Amino acid sequence: MTDPSPSSQNRTRRQKAGEAGGAALLPRPDGLPHRAAVAAPARDERAPLEVARRIVEVAEDKKAADIVLLDLGGLTTIADYFVICSGGSERQLAAIADGILEALRAEKVRPIGREGQPASHWVLVDFGSVVVHIFTPPERDFYQLEKHWSEARTILRVQ
27 MTDPSPSSQN
37 RTRRQKAGEA
47 GGAALLPRPD
57 GLPHRAAVAA
67 PARDERAPLE
77 VARRIVEVAE
87 DKKAADIVLL
97 DLGGLTTIAD
107 YFVICSGGSE
117 RQLAAIADGI
127 LEALRAEKVR
137 PIGREGQPAS
147 HWVLVDFGSV
157 VVHIFTPPER
167 DFYQLEKHWS
177 EARTILRVQ
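Have a look at this one:
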């Protein structure tokens, strides 16, 4: 007899996602599946934290300011990690977003989507388990994502 409990269903999804994607994701401490395992199992074979750290490196190379990597594990199923950073102008927001997209595409990591325009002073790039928020400083102060997600563990901060 099969166990229809949510935890067994999550375990089954993770196992199938690991088989389909070619590389199993490590289980989350809260027992929920990684967003990448549910949303797009074959999209990315790299661990979400590895993708998030690579995004931080590229953002830093593009001179993004005040880069923060938040671990959302156990808090939401929206994503496993948020990368939040600032750019001083619309042109820099575009350069940061384009640089992240180009670098990760070259490494065979495809985004699910991109929202916002530099003219709106907020660009979001969704990689499934990692969501990147690129703001101008006034919009970042206004939306205060770090405060909203204050329960998330800060993995790193680059000033």
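Counting in the working numbering, the sequence shown runs from 27 upward without gaps. Note that CB positions come from ideal geometry on N, CA and C, so glycine has one too. These numbers come from a predicted model, not from an experiment.
Cβ neighbour criterion (16 or more within 10 Å) applied to Arg179: Position 153 of the sequence shown, counted from the start, is the residue given in the question as residue 179. Classification for Arg179: exposed.
Cβ separation of Ala85 and Ile93, assumed to be a contact under 8 Å, to the nearest whole Å: Within the sequence shown, residue 85 is the residue found at index 59, counting from 1. Within the sequence shown, residue 93 is the residue found at index 67, counting from 1. Right, their Cβ atoms sit about 5 Å apart.
Residue from Thr162, Asp167, Arg136, Ala145 with nearest C-alpha to Val156: Reading the sequence shown from its first residue, position 130 is the one you call residue 156. When each option's Cα is compared against that of Val156, the closest is Arg136.
Pair within 8 Å by beta-carbon distance, Val151 and Leu119: By 1-based counting over the sequence shown, the position of residue 151 is 125. By 1-based counting over the sequence shown, the position of residue 119 is 93. No, the Cβ-Cβ distance between Val151 and Leu119 is not below 8 Å.
Residues of its chain near Gly101, where Cβ-Cβ distance is below 8 Å and the 5 sequence neighbours each way are ignored: Residue 101 sits at position 75 when you count from the first residue of the sequence shown. The sequence shown places Leu at residue 101, rather than the Gly named in the question. Trp175, Glu177, Ala178.
Test item: CB-CB of Val109 and Leu95 under 8 Å: In the sequence shown, counting from the first residue as 1, residue 109 sits at position 83. In the sequence shown, counting from the first residue as 1, residue 95 sits at position 69. Contact flag set, yes.
Nearest neighbour of Asp124, chosen from Ile181, Asp167, Ile160, Val184 [CA to CA]: Position 98 of the sequence shown, counted from the start, is the residue given in the question as residue 124. Closest by alpha carbon: Ile160.
Cβ shell of Gln185 (< 7 Å), same chain only, five flanking positions each side left out: If you number the sequence shown from 1, residue 185 lands on position 159. Closer than 7 Å at the Cβ level, and outside the excluded window around Gln185, lie Asp92.
Sheet register partners of Arg117 (DSSP bridge): The count along the sequence shown starts at 1 and reaches residue 117 at position 91. Beta-bridge pairing links Arg117 to no other residue.
Phe168 versus Ser112, Arg80, Gly139, residue with shortest Cα-Cα distance: Within the sequence shown, the letter at position 142 stands for residue 168. If we check each option's Cα against that of Phe168, Ser112 comes out closest.
Cβ neighbour criterion (16 or more within 10 Å) applied to Arg117: In the sequence shown, the residue the question calls residue 117 occupies position 91. Around the Cβ of Arg117, a 10 Å sphere holds fewer than 16 other Cβ atoms; the residue is exposed.
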